[in-house]
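Position 332 of the sequence shown, counting from 1, maps to 333 under the working numbering, and the rest follow consecutively.
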Amino acid sequence: MLDAVLTKIHDESRQGEAYAPQAPDSKEYKKKFYIESYGCQMNFSDSEIVASILNGSGYGATRNFEEADLIFLNTCSVREKAEQTVRKRLTEFRKLKESRPALLVGVLGCMAERLKSKFLEQEQLVDIVVGPDAYRSLPGLIVDAESGQKAVNVLLSREETYADISPVRLNSNGVTAFVSIMRGCNNMCTFCVVPFTRGRERSRDAESIIHECTDLFERGYREVTLLGQNVDSYYYTPEGDSGPGSSVQTVTFARLLEMVAVISPLLRVRFSTSHPKDITDDVLHVMAKYNNICKYIHLPVQSGSTRILQLMNRTYTREWYKAKVDRIREIIPDCGLSSDVIAGFCTETEEDHQDTLSMMAYSGYDLSYMFFYSERPGTLAQRRYADDVPEPVKKRRLSEIVELQNRLSRESNERDLGKIFEVLIEGNSKRSDQDWMGRNSQNKVIVFPKNEQLLKKGDYVRVKVNDCTQATLLGEIV
Ligand code: SAM
Ligand code: SF4
Ligand code: F3S
């Protein structure tokens, strides 16, 4: 994950990863689809829902877009750069279509939601446009597009959670999986487009989450990451909850974590993302209580200046954030911590920037995702404030933030030298099939030589750290 810091400085979009489910032989299917995903983990998780819906309607996945009848891009709008990348890719597919007129190209996800039918009508770049809450209508829209009709559905929903859909695990290592527990966001951070592209927050039925996690465990998976834009506000009231004393009770995030943790001590549980204003002591105590809930919190700070945090509508101050970090360290002393940081938000001064740097040093993040501010149309910041920090200043501040984070990451890894961790093996290391790659509870990547022991993916092993780089711990099995 630390590798990602260096490559994700300006944009967290992953560069067009092609997805092919480990699905039944695609010859069984009438047509083939290819899907490329951009943006956050939730979007990647959504592509697995889309694949499931398409499989159910007789479409099989392919890793090779050249043999596909349908090409989908599941897109991200969070920064301008993410949208530019998608546009470039769509232009390439447009060219492909000239030589293959029957090919259909669809845009899914946040950019579809933000630009709506503009893609179809003004730019004529695509045939199908579907927003994040409308994936169930995809099979019908494909039929419409095949007969030359406009195929657009960008309706947002207050209820849709796709709770009943079993995602097709795409590009899976068979060990770790994402599980969406909620959708949308109600927070209205002023810089952020997500509330507009993903709609109102809603929590998924707890029982369906437990069912999905249990099923993954039974199929050999050993780690689930519970996903939501703000997991701490997860709140599900089952039908029949009649208040205090009722046998059916509302499920909070702390309760949900516990319910997933007791599925098996061999199933690791992670979650993302936590909002500093919402993470509770209850959650921290549940994390401390169960060995299999990973000791790692992604707690985006965005800025270290109280004035900027107010303009961002983050609803916490510098002092509040510091107190949260203290509380985490008190209840879970060995907890890994990571963050998102934005450089050069509207009106940011050098002093505000210094506050961000000192906040990062105070928190001692193991990892950060770092960005310079990118104004997004329609957001509160775009309507209220001038994007007035010049680009060279934004970039210089960002590079100082990156430099500091690199030092913090290196120091954090150096503190682990000589320690022994329980590691879940995820597969071969990228560099050599003579080495295993896995993670410790704190989410740090550890690479270590395979020895004679008969180990396999999904096994737990104790590893002693002997050496490190800024991004990776290097060790040996003990
Ligand atoms: N819900 C999560 C949270 O509250 O942190 C993640 C939201 S967003 C998908 C991921 C990160 O993108 C944010 O934490 C923020 O740092 C960054 N981001 C969002 N809007 C941005 C913008 N307009 N410019 C630069 N970075 C932005
Ligand atoms: Fe965006 Fe804020 Fe919601 Fe995160 S919490 S998705 S940054 S509005
Ligand atoms: Fe991007 Fe949408 Fe995720 S804007 S970061 S894909 S919620």
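Beta carbons: idealized from backbone N, C-alpha and C, even for Gly. From a predicted model like this one, the values you see are computed outputs, not experimental measurements.
Under the criterion of a Cβ to heavy atom distance below 8 Å, does residue i qualify as lining the ligand F3S?
i, result
"residue 43", "yes"
"residue 416", "no"
"residue 291", "no"
"residue 83", "yes"
"residue 39", "yes"
"residue 198", "yes"
"residue 79", "yes"
Could you round the C-beta distance between residue i and residue j to whole angstroms and report it? I think they count as a contact, below 8 Å.
i, j, result
"residue 474", "residue 417", "6 Å"
"residue 59", "residue 31", "5 Å"
"residue 357", "residue 402", "7 Å"
"residue 83", "residue 39", "6 Å"
"residue 341", "residue 277", "Actually they do not touch by this definition, with Cβ atoms about 11 Å apart."
"residue 110", "residue 133", "6 Å"
"residue 235", "residue 204", "5 Å"
"residue 377", "residue 194", "4 Å"
"residue 78", "residue 198", "6 Å"
"residue 262", "residue 293", "6 Å"
"residue 87", "residue 112", "6 Å"
Quick one: residues in its chain with C-beta nearer than 6 Å to the C-beta of residue i, no 5 flanking neighbours on either side, listed in chain order?
i, result
"residue 458", "176, 426, 428"
"residue 332", "285, 289"
"residue 530", "It is not possible to answer for residue 530, since the shown part of the chain is limited to 2 through 479."
"residue 42", "179, 228"
"residue 310", "304"
"residue 152", "129, 142, 145, 146"
"residue 196", "186, 189"
"residue 238", "251"
Spatial neighbours of residue i within its chain, please: C-beta separation below 7 Å, excluding the five flanking residues on both sides.
i, result
"residue 255", "281, 283, 284, 287"
"residue 411", "471"
"residue 439", "424, 425, 426, 427, 447"
"residue 190", "313, 314, 315"
"residue 98", "104, 106"
"residue 48", "20, 36, 38, 75, 171"
"residue 452", "478"
"residue 323", "363"
"residue 396", "373"
"residue 215", "264"
"residue 389", "347, 348"
Give me, in chain order, the residues of the same chain whose beta-carbon lies closer than 8 Å to that of residue i; leave out the 5 immediate sequence neighbours on both sides.
i, result
"residue 336", "288, 296, 297, 298, 329, 330, 443"
"residue 46", "168, 179, 180, 181, 228"
"residue 320", "307"
"residue 463", "421, 422, 423, 424, 478, 479"
"residue 405", "358, 361, 362"
"residue 394", "345"
"residue 53", "166, 167, 168, 169"
Are there any heavy atoms of the ligand SF4 lying less than 8 Å away from the beta-carbon of residue i, as far as the coordinates show?
i, result
"residue 276", "yes"
"residue 471", "no"
"residue 172", "no"
"residue 452", "no"
"residue 195", "yes"
"residue 192", "yes"
"residue 186", "yes"
"residue 189", "yes"
"residue 311", "no"
"residue 383", "no"
Measuring only from the beta carbon, is residue i closer than 8 Å to any heavy atom that is part of the ligand SAM?
i, result
"residue 204", "no"
"residue 359", "no"
"residue 365", "no"
"residue 391", "no"
"residue 343", "yes"
"residue 376", "yes"
"residue 218", "no"
"residue 235", "no"
"residue 301", "yes"
"residue 272", "no"
"residue 179", "no"
For the ligand ATP, any of its heavy atoms closer than 8 Å to the Cβ of residue i?
i, result
"residue 380", "Inclusion of the ligand ATP in the displayed structure is not the case, the ligand content consisting of the ligand SAM, the ligand SF4 and the ligand F3S alone."
- Taking three-plus beta-carbon pairs below 8 Å as touching, is the stretch 351–366 in contact with the stretch 380–387? no
- Ranges of the beta strand (DSSP E) found wholly within the stretch 112–162, counting only runs of at least 3: 129–131, 152–154
- Complete beta strand (DSSP E) runs within the stretch 372–451 (minimum length 3 residues, chain order): 421–429, 436–440, 446–450
- Cβ pair count under 8 Å reaching 3, the stretch 129–140 against the stretch 148–165: yes
- Which full runs of the beta strand (DSSP E) of 3+ residues lie inside the stretch 322–357, going along the chain? 337–344
- Ignoring anything shorter than 3 residues or poking outside the stretch 249–282, list the beta strand (DSSP E) runs there in chain order. 269–273
- Message: Check whether the stretch 222–236 and the stretch 267–276 are in contact - that is, three or more C-beta pairs closer than 8 Å.
- Response: yes
- Unbroken stretches of the alpha helix (DSSP H), 4 residues or longer, contained in the stretch 196–226: 207–219
- In chain order, which continuous runs of the beta strand (DSSP E) of length 3 or greater are located wholly inside the stretch 28–107? 32–38, 60–62, 71–76
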